[in-house]
Amino acid sequence: MTNAAIDASGLTRRFGSYTAVDHLDLHIPRGCIYGFLGPNGSGKSTSIRLLTGLLTPDEGTVNILGLQLPRQAEELRGRIGYMTQKFSLFGDLTLQENLQFIARIYGLPRKGIKARIADLLERYDLTRQSKQLADTLSGGQKQRLALAAATIHNPELLFLDEPTSAVDPENRRDFWEKLFDLSDAGTTILVSTHYMDEAERCHYLAILETGRKRADDTPQNLMQNMSANVVEISGNSLRRLKQQLLLTPDVISVAQQGIRLRVLVDKGHTDPLSWLRAECPASLNDYQLAVVRPSLEDVFVMSTGAHR
Amino acid sequence: MKFLLRISAITFKEFRQLSRDRLTFGMVVMIPLIQLLLFGYAINNNIRNINAGLLDQSDSSTSRIIIDTVKATQVVNIIEQYFSIADAEAAITKGNVRAVLVLPRDLPQRVANPADDRALGQWIVDGSDNIVSSALLGLARMPIAPLQQGTGNTVSATFDTVLYFNPERRTPVNIVPGLLAVILTMTMILFTATAIVREKERGNLELLITTPIRSFELMLGKIIPYILIGLVQMFIILTLGHFVFDVPINGQPLQIVSATLLFIAASLTLGLLISTVALTQLQAMQMTVFVLLPSILLSGFLFPYEGMPKPAQMIAEGLPATHFVRMIRGVVLRDASLTDMQGDTLFLVAFTVVGMILATLKFRKSLD
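Below you can see the structure in the form of structure tokens.
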């Protein structure tokens, strides 16, 4: 119990007749990077807002770092950091001024502030921009500034709501390096994303859909324990073949990836290749078939309604 | 005709958005409707029922006839009676009454000898509002029929008139302190309201509410800069008023600053309240205008309170500007103190306290 950074059960939040988060149970151990993977509207942001005390749940209990929400929300504030989906620092202040402001809000000791800001600017490679207005920064720089601000008070728990949705892949990789540094220093991180590559970097992952948790485990376990085999088919006229394959019972999903079709077949068939050749209405003699390792995207497709 | 389609598509979309934004939509209808109703009634320069006092040194049947005749005009409403000139002057300074009718000890003799051409009595008038003082000046030549029978048209005045505080009846003396109220209303409310709503719009607030800062700390931190701005505005208006328009500054600086601070506090509170309701800067601005217009027209700044019908007066009583217009004219022109004007002082204090509590309650640190 004391080991958990986040313990939530039956967490539910409705907006009118729409249920944004539906009986969510979470157990997030300290020190890990935990990912929320889900499509837009799956309840990722609402879940984070419930866990940070920004929203009050309609049902369920939340325990964050040993504190009960929403009753002890104020006590929690100084121990968590939150990076909003939208850039929410002040565009008309310089980087230095923004960080000074946040440091004072968190009540950092006056003497240490200067050194702390210099340290953060250095770590997030923003020293040269320190006198620049935040509005003039690039997307990647804004992300790093927001992370610097969210971690200025060394929070035990850090919430990141789609932190890299507006930055290029290189900046995204750099950003994750910083997250691993923080995690290494003992910070628990909860991050929401809809990028598979990002989700794969998390220690644990929860797949959310329409406010419900469809699966959660380490990315490796999720891929291993998937209830389908993945068959890759290469050859000609793949569009037509796709239609044929979809008519086959126990074929869960067919997706084209360039010159290949990625077919998810129910795990019940121990030899998926011969089974497919036998069952598919079209002849597969002209095609190459191979069983391949499942990817996180396959897990995602299996767990959510995306294949239906 | 495609361009017409495109234009209509835009127009349609705008209307649809407008109808979703119920507050703006309400303002579109309410601003002209309410304001017109209010001001149609309120703008009335035929003033009646000006509060007045009486100092009857003669205490005779003659004086009672004069008092009855004066009352019958309905221009004044005699609410207080004094026994010395000092009491009468103090009442005017406090703002309890706008004028005092003084009837001298030798009143019966004056009536008996019209040939002496001496006025029967004297009006001491608070000249700080010109429209009020002209109404009272109109009483100077009123005939007292029961006493002047047979004398025909009296050439001489029935009453002498003494104008206190603004003997030359110059408009700026009246306008400048009132303008302070209007300008402070406008800037203080608008600044605070938009300052907070802007952060809501830009998403800064979502960040702020996850930090340890408390609601009232955020509110207070926000309004302190505007208190200073308000004092700077006060200084500019009164200094210009004094040196350019020759407005006398009779009050103590400490009293002037205290009165202004009270009003700034009340206006900022109102701005905060607006900011907790408004979702966009446009909404905040519209609500500010909604408060600003009555503050200009009903507060006594342009049209005297006495000239308004009862319902308009009741609305005026609910506006901080009305109380401040009274206070600042009293303090600046008549050297009144805040204790002299307890009622107005208390209103502004109560308004600020209640407003602050409401705003803090309304601004809960959550996105619910």
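Protein chains in written order, with the numbering used here: chain A, 1 to 308; chain B, 1001 to 1368. We put the CB at the ideal spot given by N, CA and C, even for glycine.
Is the Cβ-Cβ distance between residue i and residue j less than 9 Å?
i	j	result
Leu1101 (chain B)	Val1111 (chain B)	no
Leu1329 (chain B)	Asn1174 (chain B)	The question names Leu, but residue 1329 (chain B) in the sequence shown is Arg. Yes. Within cutoff.
Ala1259 (chain B)	Thr1345 (chain B)	yes
Arg79 (chain A)	Gly186 (chain A)	no
Leu1319 (chain B)	Ser1299 (chain B)	yes
Val1070 (chain B)	Leu1139 (chain B)	yes
Met196 (chain A)	Ile252 (chain A)	no
Ala134 (chain A)	Asp92 (chain A)	yes
Arg1170 (chain B)	Asp1246 (chain B)	yes
Leu276 (chain A)	Leu264 (chain A)	no
Leu222 (chain A)	Leu241 (chain A)	no
Ser1215 (chain B)	Phe1363 (chain B)	yes
Leu157 (chain A)	Lys178 (chain A)	no
Val167 (chain A)	Phe175 (chain A)	yes
Thr1187 (chain B)	Tyr1226 (chain B)	yes
Ile1274 (chain B)	Val1257 (chain B)	no
Gln132 (chain A)	Thr94 (chain A)	yes
Leu50 (chain A)	Ala8 (chain A)	yes
Ile1085 (chain B)	Leu1055 (chain B)	yes
Leu24 (chain A)	Gly10 (chain A)	yes
Ile152 (chain A)	Ala103 (chain A)	yes
Leu979 (chain B)	Ser1133 (chain B)	Nothing in the structure corresponds to residue 979 (chain B), since chain B is present only between 1001 and 1368.
Ala315 (chain A)	Arg13 (chain A)	This structure does not reach residue 315 (chain A), given that chain A is present from 1 up to 308, and the question cannot be answered.
Gln1252 (chain B)	Ser1337 (chain B)	yes
Leu1190 (chain B)	Thr1288 (chain B)	yes
Tell me whether residue i is buried or exposed, calling it buried when 16 or more other Cβ atoms sit within 10 Å of its Cβ.
i	result
Ala1350 (chain B)	exposed
Ser138 (chain A)	exposed
Gly1026 (chain B)	exposed
Val1332 (chain B)	buried
Phe15 (chain A)	exposed
Asn1153 (chain B)	Any answer about Asn1153 (chain B) is weak, because its pLDDT of 49 lies below 50 and its placement is not dependable; what the coordinates show is given next. Exposed: under 16 other Cβ atoms inside 10 Å.
Gly268 (chain A)	exposed
Lys142 (chain A)	buried
Gln1283 (chain B)	buried
Met1 (chain A)	Because the pLDDT at Met1 (chain A) is just 46, under 50, the model does not fix this residue reliably, and the point stays unresolved.
Arg1326 (chain B)	buried
Tyr124 (chain A)	buried
Arg1141 (chain B)	exposed
Phe36 (chain A)	buried
Gly1241 (chain B)	buried
Asn40 (chain A)	exposed
His1323 (chain B)	buried
Phe1012 (chain B)	exposed
Phe1015 (chain B)	exposed
Asn1204 (chain B)	buried
At a cut-off of 8 Å, would you count residue i as near the ligand MN, judging by its Cβ distance to the nearest heavy atom?
i	result
Thr188 (chain A)	As far as ligands go, the structure on display features none, and thus does not contain the ligand MN.
Check for me: the alpha helix (DSSP H) holding residue i runs from which residue to which?
i	result
Gly1330 (chain B)	Pro1320 to Arg1334
Gly1343 (chain B)	Gln1342 to Lys1362
Ser47 (chain A)	Lys44 to Leu51
Gly1221 (chain B)	Ser1215 to Val1244
Between which two residues does the beta strand (DSSP E) holding residue i run?
i	result
Ile1078 (chain B)	Val1076 to Gln1081
His23 (chain A)	Tyr18 to Pro29
Glu232 (chain A)	Ala228 to Ser234
Leu1338 (chain B)	Element bounds for Leu1338 (chain B): n/a, residue is neither H nor E.
Leu1268 (chain B)	Looking at the DSSP string, Leu1268 (chain B) is not in any beta strand (DSSP E); the run it does join, the alpha helix (DSSP H), is Pro1253 to Val1277.
Met83 (chain A)	Ile80 to Met83
Thr61 (chain A)	Glu59 to Ile64
Arg262 (chain A)	Arg260 to Asp266
Thr1073 (chain B)	Premise fails: Thr1073 (chain B) is in no beta strand (DSSP E) and is neither H nor E.
Does any residue of chain E have a CB that is nearer than 9 Å to the CB of residue i?
i	result
Ala149 (chain A)	Note that chain E does not occur in the displayed structure, where the protein chains are A and B.
(message) Please list, in chain order, the residues of the stretch 1195 to 1209 of chain B that have any C-beta partner in chain A closer than 9 Å.
(response) Glu1199, Arg1202, Gly1203, Asn1204, Leu1205, Glu1206, Leu1207, Leu1208 and Ile1209
(message) To be precise: take each residue of the stretch 83 to 100 of chain A, compare its Cβ to all Cβ atoms of chain B, and keep it if any distance is under 8 Å. Which residues remain?
(response) Taking 8 Å as the Cβ-Cβ cut-off against chain B, the residues of the stretch 83 to 100 of chain A that qualify are Thr84, Lys86, Phe87, Ser88, Leu89, Phe90 and Gly91.
(message) Along the stretch 1211 to 1228 of chain B, where does the CB come closer than 7 Å to a CB of chain A? Name the residues.
(response) Among the residues of the stretch 1211 to 1228 of chain B, those with a Cβ less than 7 Å away from any Cβ of chain A are Thr1211, Pro1212 and Ile1213, in the order of the chain.
(request) Scan the stretch 115 to 194 of chain A and note each continuous beta strand (DSSP E) run of 3 residues or more that stays entirely inside, going in chain order. (result) As far as the stretch 115 to 194 of chain A is concerned, its whole beta strand (DSSP E) runs of at least 3 residues are 157 to 161 and 188 to 193.
(request) Mind listing, in chain order, the continuous alpha helix (DSSP H) runs of no fewer than 4 residues lying wholly within the stretch 1164 to 1213 of chain B? (result) 1171 to 1202 and 1204 to 1208
(message) Beta carbons nearer than 8 Å to chain B: which residues of the stretch 100 to 134 of chain A have them?
(response) Using a CB distance below 8 Å, the part of the stretch 100 to 134 of chain A facing chain B consists of Ile102, Ile105, Tyr106 and Gly107, ordered along the chain.
(request) For the stretch 44 to 61 of chain A, enumerate the residues whose C-beta is nearer than 8 Å to any C-beta of chain B, in chain order. (result) With the criterion set as a beta carbon lying under 8 Å from some beta carbon of chain B, the members of the stretch 44 to 61 of chain A are Arg49, Thr52, Gly53, Leu54, Leu55 and Thr56, in sequence order.
(request) Please specify which runs of the beta strand (DSSP E), each continuous and at least 3 residues long, are wholly inside the stretch 195 to 220 of chain A, giving them in chain order. (result) 204 to 209 and 212 to 217
(message) Output needed in chain order: residues of the stretch 197 to 215 of chain A with a Cβ under 9 Å from some Cβ in chain B.
(response) none
(message) Going residue by residue through the stretch 1104 to 1139 of chain B, where are the continuous beta strand (DSSP E) segments of at least 3 residues, counting only ones entirely within it?
(response) 1121 to 1126
(request) Pull out every residue of the stretch 19 to 43 of chain A whose Cβ sits closer than 9 Å to any Cβ of chain B, in chain order. (result) none
(message) Give me the subset of the stretch 2 to 18 of chain A whose CB atoms are less than 8 Å from a CB atom of chain B, sorted by chain position.
(response) none
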